[in-house]
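Number of protein chains: 2
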Amino acid sequence: MSKELQLQASNPMMGVIDPREARMVIRRGEYAGHTANVAPDYVQCNLCILPRDDALEFSAFCQSNPKPCPVVGMGAPGDPALQGLGDIDIRTDVPCYRVFRNGELVDEPIDILDLWNSDLVAFVLGCSFSFEAPLLDEGIALQHVEHDTVVPMYRTSIACTPAGKFVCDMVVSMRPLSPADAIRAVQITSRFPGVHGAPVHIGLPEQIGIEDIMKPDFGDPPVMDEGQLPVFWACGVTPQVAVEQAKPSLCITHKPGSMLITDKKNIELAAF
Amino acid sequence: MSKELQLQASNPMMGVIDPREARMVIRRGEYAGHTANVAPDYVQCNLCILPRDDALEFSAFCQSNPKPCPVVGMGAPGDPALQGLGDIDIRTDVPCYRVFRNGELVDEPIDILDLWNSDLVAFVLGCSFSFEAPLLDEGIALQHVEHDTVVPMYRTSIACTPAGKFVCDMVVSMRPLSPADAIRAVQITSRFPGVHGAPVHIGLPEQIGIEDIMKPDFGDPPVMDEGQLPVFWACGVTPQVAVEQAKPSLCITHKPGSMLITDKKNIELAAF
Numbered sequence: 438m439s440k441e442l443q444l445q446a447s448n449p450m451m452g453v454i455d456p457r458e459a460r461m462v463i464r465r466g467e468y469a470g471h472t473a474n475v476a477p478d479y480v481q482c483n484l485c486i487l488p489r490d491d492a493l494e495f496s497a498f499c500q501s502n503p504k505p506c507p508v509v510g511m512g513a514p515g516d517p518a519l520q521g522l523g524d525i526d527i528r529t530d531v532p533c534y535r536v537f538r539n540g541e542l543v544d545e546p547i548d549i550l551d552l553w554n555s556d557l558v559a560f561v562l563g564c565s566f567s568f569e570a571p572l573l574d575e576g577i578a579l580q581h582v583e584h585d586t587v588v589p590m591y592r593t594s595i596a597c598t599p600a601g602k603f604v605c606d607m608v609v610s611m612r613p614l615s616p617a618d619a620i621r622a623v624q625i626t627s628r629f630p631g632v633h634g635a636p637v638h639i640g641l642p643e644q645i646g647i648e649d650i651m652k653p654d655f656g657d658p659p660v661m662d663e664g665q666l667p668v669f670w671a672c673g674v675t676p677q678v679a680v681e682q683a684k685p686s687l688c689i690t691h692k693p694g695s696m697l698i699t700d701k702k703n704i705e706l707a708a709f
Numbered sequence: 438m439s440k441e442l443q444l445q446a447s448n449p450m451m452g453v454i455d456p457r458e459a460r461m462v463i464r465r466g467e468y469a470g471h472t473a474n475v476a477p478d479y480v481q482c483n484l485c486i487l488p489r490d491d492a493l494e495f496s497a498f499c500q501s502n503p504k505p506c507p508v509v510g511m512g513a514p515g516d517p518a519l520q521g522l523g524d525i526d527i528r529t530d531v532p533c534y535r536v537f538r539n540g541e542l543v544d545e546p547i548d549i550l551d552l553w554n555s556d557l558v559a560f561v562l563g564c565s566f567s568f569e570a571p572l573l574d575e576g577i578a579l580q581h582v583e584h585d586t587v588v589p590m591y592r593t594s595i596a597c598t599p600a601g602k603f604v605c606d607m608v609v610s611m612r613p614l615s616p617a618d619a620i621r622a623v624q625i626t627s628r629f630p631g632v633h634g635a636p637v638h639i640g641l642p643e644q645i646g647i648e649d650i651m652k653p654d655f656g657d658p659p660v661m662d663e664g665q666l667p668v669f670w671a672c673g674v675t676p677q678v679a680v681e682q683a684k685p686s687l688c689i690t691h692k693p694g695s696m697l698i699t700d701k702k703n704i705e706l707a708a709f
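So the protein sequences, as listed, match chains A and B. Each residue of the first sequence is one higher than the one before, counting from 438 in our numbering. Each residue of the second sequence is one higher than the one before, counting from 438 in our numbering.
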């Protein structure tokens, strides 16, 4: 049995609700799987680690495009800790990493202790999971959750503000909602500016360069019911596309689905 | 007559409400004074320019302490433009600069064309002016505005999250308000997370290390009326203190009161 299968078989994450407990299992190298439903009340983050010079431009890019690139935490150069998000060692606390060199995927290690050095800077970015929880809590049904599919995501014609080598158009995620739910969803997600915030568009996808709503660029095609509007939020795939196109000499991310679990509660991200 | 007096005598900013017009006058070197009431509907920003390595740590510091350090714009390294805030050249568009070397004030030039280089990064930070306008619009009287004094500011015992060499306690500004106005002010300023957001404390200054409310560390002593509570907001002096203590080899700021005027309207900073 491969190490990966052994890890899955032991399933040490079943029922874990405490983020510290989850991270300790991951830190010990005992779990390399996805983090869906692990410590569900707590903020999970996308990871992007870059060398110092690229990090400075990336920081300017995120700063200039806060809706698609909501930075929840940023480490000081060379510091593997993320103050304020818990007792985190970014070198070990993500279940599975991806290592890119000049834009090419070269490895998927379960820690990056060998790769870490004083030139590296860690960014962790919020994801839509943190605003989907309060939507669901308020009784707003989300079709991709009900159908257990991946939310549909689209490249748009909305230009992000460029910063140095980071230049791209915004990627959006889409959730079909009734007009009443769409209005309520604008209100609810406005409370979460740190995890994409309010929608960037409602109802007329052709205005933002989306030709066929049934053909997303990422994720699964949506199931649109009669009387629903497509509602679009800025998506965390945007900074990934920006990094892909910039091809930095080194970039370390999480493996999709295997995210950093922080000690911050989703509800703490509410601005009010 | 000195150049400065000439500049004051000509007073080219009298009645200017368009931010582009104001910046053109400043860019031509024709105005080196303060920017109070110039283009009053538009966001004015504090400036902090740092060399690349310090900039990366400062970016992490601001990212980790968004309430006292609300970054409204950040330039890519070496880029004097600030995308998204208007046609800005950060080397010329602030009326008067301050140049610090190793923490010592060494010059107050009206442009920094000679100093700018590819190693420098510009940060512009929001200020409380952007949230005071909506408070005043909603009929909430502010004592320092009524008395034409400088808002009182205090060093507190609230530790900022450190990042590299940037380590300090939070500085807060205080506005005395009736309990009803304090509640309304929480609601209104919650709409402006990009310019300090909701208060950090109400009513019990000793809990945050303030011994005597009548003895502020910066600004003028307050006038407290019977039945008013002291309401405290995170203050943009905090990053200035952090930079002062870090003593970077070079730091360029605006001269207090002489701020960068952007094309962004104050109301555009409202999160909802």
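The C-beta atom is built at its ideal place from N, Cα and C for all residues, glycine as well. As the structure is a prediction and not an experimental result, all values here were calculated from the model.
Within its chain, find whatever has a CB closer than 7 Å to the CB of A:V623; leave out the 5 residues flanking it on each side and keep chain order. For the purposes of this step, residue 623 of chain A is taken as the residue at position 186 of the first sequence. Result list for A:V623: A635 and P636, in chain order.
Could you please tell me which residues of the segment 496-508 of chain B, in chain order, have their CB closer than 7 Å to any CB of chain A? S496, A497, Q500, S501 and V508
Using only CA atoms, which one of B:I595, B:S567, B:R535 and B:F560 lies nearest to B:L552? Numbered from its first residue, the second sequence carries residue 552 of chain B at position 115. Ranking the options by Cα distance to B:L552, first place goes to B:R535.
Can you confirm whether B:F568, when its beta carbon is compared against all beta carbons of chain A, has any partner nearer than 8 Å? Taking the second sequence and counting its residues from 1, the one referred to as residue 568 of chain B is at position 131. It does not: the Cβ of B:F568 has no partner Cβ on chain A nearer than 8 Å.
According to DSSP, what are the bridge partners of A:D556? Start at 1 with the first residue of the first sequence, and residue 556 of chain A comes out as number 119. Looking at the DSSP assignment, A:D556 forms no beta bridge with any residue, so it has no partner.
N-terminal and C-terminal residue of the alpha helix (DSSP H) that B:I491 is part of: In the second sequence, the residue the question calls residue 491 of chain B occupies position 54. Contrary to the premise, residue 491 of chain B reads as Asp rather than Ile in this sequence. R489 to S501 is the span of the alpha helix (DSSP H), which, as asked, contains B:D491.
9 Å Cβ cut-off: residues of chain B touching A:F709: Locating residue 709 of chain A in the first sequence gives position 272, where the first residue counts as 1. The answer, in chain order, is V623, Q624, S627, R628, P630, G634, A635, A708 and F709.
Among A:V475, A:S501 and A:V453, nearest to A:T598 - alpha-carbon criterion: Here the question's residue 598 of chain A lines up with position 161 in the first sequence. With distances taken between Cα atoms, A:T598 lies closest to A:S501.
So, is the C-beta of A:R528 closer than 8 Å to a C-beta in chain B? Translated into positions along the first sequence, residue 528 of chain A becomes position 91. False, the Cβ-Cβ gap to chain B never drops below 8 Å.
Using a Cβ-Cβ distance under 8 Å, would A:L552 count as near chain B? For the purposes of this step, residue 552 of chain A is identified with residue 115 of the first sequence, where counting begins at 1. No - not a single Cβ of chain B is within 8 Å of the one on A:L552.
Got a sec: is the Cβ-Cβ distance from A:G521 to anything in chain B below 8 Å? In the first sequence, residue 521 of chain A corresponds to position 84, counting from 1. Yes, its Cβ sits closer than 8 Å to a Cβ of chain B.
Three CB pairs or more closer than 8 Å across the segment 508-523 of chain A and the segment 518-530 of chain B: no
Could you tell me the distance, in whole angstroms, from the CA atom of A:L522 to the CA atom of A:D700? Residue 522 of chain A sits at position 85 when you count from the first residue of the first sequence. Residue 700 of chain A sits at position 263 when you count from the first residue of the first sequence. Near 5 Å, if we compare the C-alpha coordinates of A:D700 and A:L522.
Got a sec, what are the start and stop residues for the alpha helix (DSSP H) A:P613 sits in? Numbered from its first residue, the first sequence carries residue 613 of chain A at position 176. Counting along the chain, A:P613 falls outside any alpha helix (DSSP H), though it belongs to the beta strand (DSSP E) covering D606 to L614.
Please classify A:A724: does DSSP put it in a helix, a strand, or coil? Lying outside 438 to 709, the shown extent of chain A, residue 724 of chain A is not represented and no answer is given.
Cβ-based contacts, 8 Å cut-off: residues of the segment 566-599 of chain A near chain B: T598 and P599
Where the alpha helix (DSSP H) containing B:M450 begins and where it ends: Your numbering for residue 450 of chain B matches position 13 in the second sequence. No alpha helix (DSSP H) holds B:M450; DSSP gives it neither H nor E.
Going by beta carbon distance, what residues of the same chain come within less than 7 Å of A:V680, once the five residues before and after it are set aside? Within the first sequence, the letter at position 243 stands for residue 680 of chain A. Same-chain partners within the cutoff: C485 and C688.
Over what stretch of residues does the beta strand (DSSP E) that includes A:A671 continue unbroken? Here the question's residue 671 of chain A lines up with position 234 in the first sequence. Residues L666 to A671.
Candidates A:P589, A:Q665 and A:I454, of which the one nearest A:S565 by Cα: Counted from its first residue, the first sequence places residue 565 of chain A at position 128. Of the listed residues, the one whose Cα sits closest to A:S565 is A:P589.
Tell me, please, whether the CB atom of A:L484 is closer than 8 Å to any CB atom in chain B? One-based indexing of the first sequence puts residue 484 of chain A at position 47. No, no contact with chain B.
Helix, strand or coil for B:K652, going by three-state DSSP, please let me know. On the second sequence, position 215 is the one that residue 652 of chain B refers to. In this structure, B:K652 counts as coil in the three-state DSSP scheme.
Minimum C-alpha distance to B:I645 - residue among B:R592, B:P653, B:S686 and B:C605: The count along the second sequence starts at 1 and reaches residue 645 of chain B at position 208. It is B:R592 whose Cα lies nearest to the Cα of B:I645.
Compare the C-beta of A:A518 against all C-beta atoms of chain B and say whether one is closer than 8 Å. Here residue 518 of chain A refers to the residue found at position 81 when the first sequence is read from its first residue. No, its Cβ sits nowhere closer than 8 Å to a Cβ of chain B.
Contacting residues, own chain, Cβ-Cβ under 8 Å from B:R628 (five flanking each side not counted): Locating residue 628 of chain B in the second sequence gives position 191, counting from the first residue. Correct list, in chain order: P571, A707, A708 and F709.
By Cβ distance below 7 Å, which residues in the same chain neighbour A:G640 in space, the five residues on each side in sequence not counted? Residue mapping note: residue 640 of chain A aligns to position 203 of the first sequence, counting from 1. Once the five neighbours on either side are set aside, the close Cβ partners of A:G640 are L666 and P667.
Please identify the residue among A:D491, A:V531 and A:R612 whose C-alpha is closest to the C-alpha of A:K692. Position 255 of the first sequence, counted from the first residue, corresponds to residue 692 of chain A. The candidate whose alpha carbon is nearest that of A:K692 is A:V531.
Beta bridge counterpart(s) of B:Q481 as assigned by DSSP: In the second sequence, counting from the first residue as 1, residue 481 of chain B sits at position 44. According to DSSP, B:Q481 bridges with B:I698.
Where B:E494 meets chain A, residues with beta-carbon distance less than 8 Å: Translated into the one-based positions of the second sequence, residue 494 of chain B becomes position 57. Near B:E494 (Cβ distances below 8 Å), the residues of chain A are A513 and P514.
What residues of chain A sit near B:V678, judged by a beta carbon separation below 7 Å? Counting from 1 along the second sequence, the entry for residue 678 of chain B is found at position 241. The premise fails here: B:V678 is roughly 18 Å from chain A at the closest Cβ pair, so nothing lies under 7 Å.
In whole angstroms, what is the alpha-carbon distance linking A:Q677 and A:E545? The residue you call residue 677 of chain A lines up with position 240 of the first sequence. The residue you call residue 545 of chain A lines up with position 108 of the first sequence. Approximately 16 Å between the Cα atoms of the pair.
Just tell me which of B:S686, B:Q682, B:G673 and B:K684 has its CA closest to the CA of B:Q481. Within the second sequence, the letter at position 44 stands for residue 481 of chain B. Cα-wise, what sits closest to B:Q481 is B:G673.
Are the Cβ atoms of A:A476 and A:V453 separated by less than 8 Å? As a working mapping, residue 476 of chain A is identified with position 39 in the first sequence. As a working mapping, residue 453 of chain A is identified with position 16 in the first sequence. Yes, they are a contact pair.
Is the CB of B:I563 under 8 Å away from at least one CB in chain A? In the second sequence, residue 563 of chain B corresponds to position 126, counting from 1. One detail in the question is off: residue 563 of chain B reads as Gly in this sequence, not Ile. So no, B:G563 is outside the interface.
Would the segment 456-475 of chain B count as touching the segment 652-671 of chain B if we require 3 or more Cβ pairs under 8 Å? no
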